[in-house]
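So for the sequence shown, the numbering used here puts the first residue at 1270; every next one is plus one. We put the beta carbon where it would ideally sit given N, CA and C, even for glycine.
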Amino acid sequence: MNSQQKELHYKIENRTSKKRWHDWKWQLAHSVRDIGTLQKLLGITLSKKQASRIKQTLSKFPMSVTPYYLSLINIEDPENDPVFKQSVPSISELTINSYDMADPLAEDKDKPVEGITHRYPDRVLFLVSNTCSMYCRHCTRKRKVGDIDFIPTKATIKKGIDYIKNTPAIRDILLSGGDPFLLQDSYIDWILTELKKIPHIEIIRIGTRTPVVLPYRITNQLIKVLKKHRDIPLWINTHFNHPRELTASAREALAKLADAGIPLGNQTVLLAGINDCLRIMKTLVHKLVQNRVRPYYIYQCDMSEGLDHFRTPVGKGIEIIEGLIGHTSGLAVPTYVIDAPGGGGKIPVMPNYLISWSTNKVILRNYEGVITTYKEPDSYEAIFCDRKCAGCRLQLQLEGASEYKSTGIANLIDDYDTTISLTPKTNERAKRRKKYASR
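In structure tokens form, the structure reads like this:
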């Protein structure tokens, strides 16, 4: 615990306890939900006008912030702090434009059963929790924020599992919510166990913001549960938006997950006044890869109601990607996407590096502005495909190849081969052995 965290804990309970502060359930139980508690814990006094505006916003869009995340706010300049802006209501949230939508991604329209959004052919979004550790001000599901927090019953979850089971095209499941890690360990274990029984499931992804706003949730017991289910690959995507969020506690949580052998990705939302700056984004992606987290997406902020003040022009996102590609390692460059309004899915939006092309050349430019020519092959004949895959004998060998099998003396040298001697076929003793064995 740092000094600010100790001070916060003392104000909450009139004492300090590292054990209780690091208890994720304690953190949730003491989440800050009103402006009075916010000012008291931070030791700040907002103007009457600002406090009144926040209360007005709270009547429509509630607030809930963990003491941990609150402790990251720079109290010397809270109103310009990226953590403050992501967690404390703003009067701007009440500005609803004609083009704003309650459900911009049409998740409810692509819902075959409760909790399932089936938009892409081979994967589904499975909402297994309606509870979050914090109400992010930029949440795309803002329409649901403030609903009664609840955990879907096993009967409801079972309907989603049955839909997946009866839809063989689904090979990939994204567990989201709310936050799946707000479920109890035993419930997470049960869901993963049930999903693993489905033969056509190849991968399970979990989307969580707990490493950012509630890193103490990543307990040794949770890690034990997750490691138990690694026979079907588990991937975890988290949601860091600013370098300040990568604290020692957050890094420890990420290390536990990575050490458990779970691949980690990150999805950042481009937010005006928070991370719409190349230097901030470059620092963020560098810190992520240092902590074994692959920057996966930068999202253009969705057109949800109350988010207009967070949205930037698309050109700002392209500017940031332009400043990353070539200027840092490709591993640290996320894909910039717009999640299409109306449920069209994620559309990559990238700088244009292909300047022109003809029948035998393409003209490209690199990150420095160098323009170059790539010569196409003079003769390229595509292999004729009659679309009869079952009888394909050309290239359609989709299974992993058999590993190289040694012959001759190499049989005796290779440790993986059990051969201990080589006997010529003309050997008379070998012939007699076969003769005796046939009797």
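Quick one: Cα of residue i to Cα of residue j, how far?
i, j, result
"Ile1549", "Lys1466", "43 Å"
"Tyr1568", "Ile1313", "33 Å"
"Val1334", "Ser1625", "51 Å"
"Lys1551", "Cys1658", "45 Å"
"Val1554", "Cys1654", "42 Å"
"Gly1415", "Leu1452", "Note that Gly1415 scores a pLDDT of 49, beneath 50, so its modelled location is shaky; the value from the coordinates is reported in the next line. Roughly 18 Å separates the two Cα atoms."
"Leu1219", "Glu1650", "Residue 1219 lies beyond the stretch modelled for the chain, which goes from 1270 to 1708, so this question has no answer here."
"Ile1426", "Ala1517", "35 Å"
"Asn1621", "Arg1563", "23 Å"
"Arg1474", "Ile1442", "6 Å"
"Tyr1404", "Lys1556", "24 Å"
"Ser1286", "Gln1308", "22 Å"
"Leu1533", "Gly1446", "18 Å"
"His1498", "Ser1455", "13 Å"
"Pro1603", "Pro1351", "21 Å"
"Glu1282", "Lys1380", "44 Å"
"Ser1627", "Tyr1389", "34 Å"
"Gln1355", "Val1639", "40 Å"
"Lys1700", "Lys1694", "8 Å"
"Ser1359", "His1387", "33 Å"
"Thr1422", "Gly1660", "47 Å"
Give me the Cβ distance between residue i and residue j, rounded to the nearest whole Å; I'm assuming they're in contact under 8 Å.
i, j, result
"Tyr1337", "Gln1296", "6 Å"
"Ser1573", "Asp1369", "7 Å"
"Ile1501", "Lys1525", "Not confirmed; about 20 Å, so no contact."
"Thr1642", "Lys1630", "6 Å"
"Arg1440", "Glu1463", "Actually they do not touch by this definition, with Cβ atoms about 16 Å apart."
"His1508", "Ile1543", "Incorrect: roughly 13 Å between the Cβ atoms, too far for contact."
"Phe1395", "Leu1461", "That pair is no contact at about 11 Å."
"Ala1541", "His1578", "7 Å"
"Tyr1636", "Met1619", "12 Å between Cβ atoms; not a contact."
"Thr1409", "Phe1450", "Actually they are not in contact, since the Cβ atoms of Thr1409 and Phe1450 sit about 19 Å apart, beyond 8 Å."
"Val1481", "Ala1519", "6 Å"
"Ile1385", "Gly1429", "5 Å"
"Val1393", "Ile1420", "Between Ile1420 and Val1393 the Cβ distance is about 19 Å, and since that is not below 8 Å, they are no contact."
Within the continuous beta strand (DSSP E) that includes residue i, where are the two ends?
i, result
"Gly1476", "Ile1472 to Gly1476"
"Ser1272", "Run containing Ser1272: none in the beta strand (DSSP E); it sits in the alpha helix (DSSP H), Ser1272 to Glu1282."
"Ser1518", "Segment Ala1517 to Asp1528 is the alpha helix (DSSP H) holding Ser1518; no beta strand (DSSP E) there."
"Lys1615", "Gly1614 to Pro1617"
"Val1562", "Val1562 to Gln1569"
"Asp1441", "Asp1441 to Ser1445"
"Ile1543", "Taken as a continuous stretch (DSSP letters only), Ile1543 belongs to no beta strand (DSSP E), as it is neither H nor E."
"Tyr1605", "Thr1604 to Ala1609"
"Asn1506", "Leu1503 to Thr1507"
Among the candidates the options, whose CA atom is the shortest distance from the CA of residue i?
i, options, result
"Ile1342", "Thr1597, Thr1552 and Asn1271", "Asn1271"
"Thr1488", "Ser1707, Lys1287 and Asp1292", "Asp1292"
"Glu1521", "Arg1499, Asn1560, Val1538 and Pro1532", "Asn1560"
"Leu1600", "Ile1587, Tyr1566 and Cys1570", "Tyr1566"
"Leu1325", "Leu1339, Ile1304 and Gly1530", "According to the sequence displayed, residue 1325 carries Gln and not Leu. Residue Ile1304 is the option with its Cα nearest to Gln1325."
"Thr1340", "Gln1536, Arg1513, Cys1570 and Ile1678", "In the sequence on display, residue 1340 carries Ser and not Thr. For the residues Gln1536, Arg1513, Cys1570 and Ile1678, the minimum Cα distance to Ser1340 belongs to Arg1513."
"Ser1300", "His1387, Leu1277 and Leu1523", "Leu1277"
"Ser1316", "Glu1348, Ile1682, Trp1290 and Leu1310", "Glu1348"
"Leu1495", "Gly1446, Ala1527, Cys1408 and Val1482", "Ala1527"
"Leu1547", "Gly1530, Thr1537 and Glu1591", "Glu1591"
"Asp1545", "Gln1536, Leu1523, Met1332 and Pro1582", "Pro1582"
"His1407", "Pro1331, Glu1282, Glu1668 and Asn1399", "Pro1331"
"Arg1580", "Glu1362, Lys1644, Phe1353 and Ile1433", "Glu1362"
"Pro1373", "Ser1627, Gly1612, Ala1519 and Arg1289", "Gly1612"
"Arg1486", "Leu1503, Asp1448, Trp1459 and His1469", "Asp1448"
"Pro1468", "Pro1480, Leu1633, Gly1584 and Asp1431", "Asp1431"
"Leu1503", "Ser1690, Tyr1279, Ile1531 and Thr1479", "Ile1531"
"Ile1457", "Gln1490, Asp1346 and Lys1294", "Gln1490"
Looking at the secondary structure, which residues open and close the alpha helix (DSSP H) in which residue i lies?
i, result
"Pro1358", "Pro1358 -> no alpha helix (DSSP H), and no H or E assigned at all."
"Lys1288", "Lys1287 to Trp1290"
"Gln1453", "Here Gln1453 belongs to no alpha helix (DSSP H), and DSSP marks it neither H nor E."
"Gly1586", "Val1583 to Leu1593"
"Ala1320", "Lys1317 to Leu1327"
"Asn1489", "Asn1489 to Lys1497"
"Thr1306", "Ile1304 to Leu1311"
"Asn1349", "Run containing Asn1349: none; DSSP gives neither H nor E here."
"Ala1706", "Glu1697 to Ala1706"
At least one CB of chain C closer than 8 Å to the CB of residue i: is that the case?
i, result
"Arg1302", "Chain labels in this structure do not include chain C; a single protein chain is all it has."
What does DSSP give as the partner residue(s) for residue i in the beta ladder?
i, result
"Leu1633", "Leu1623 and Thr1641"
"Gln1559", "In the DSSP output, where bridge partners are listed per residue, Gln1559 has none listed."
"Gly1384", "BP columns for Gly1384 are empty, so no partner."
"Leu1394", "Thr1386 and Leu1443"
"Met1332", "For Met1332, which the question treats as bridged, DSSP gives no partner whatsoever."
"Gly1575", "In the DSSP output, where bridge partners are listed per residue, Gly1575 has none listed."
Within 7 Å: the Cβ of residue i and any heavy atom of the ligand ATP?
i, result
"Ser1359", "Inclusion of the ligand ATP in the displayed structure is not the case, the ligand content being empty and no account of it being possible."
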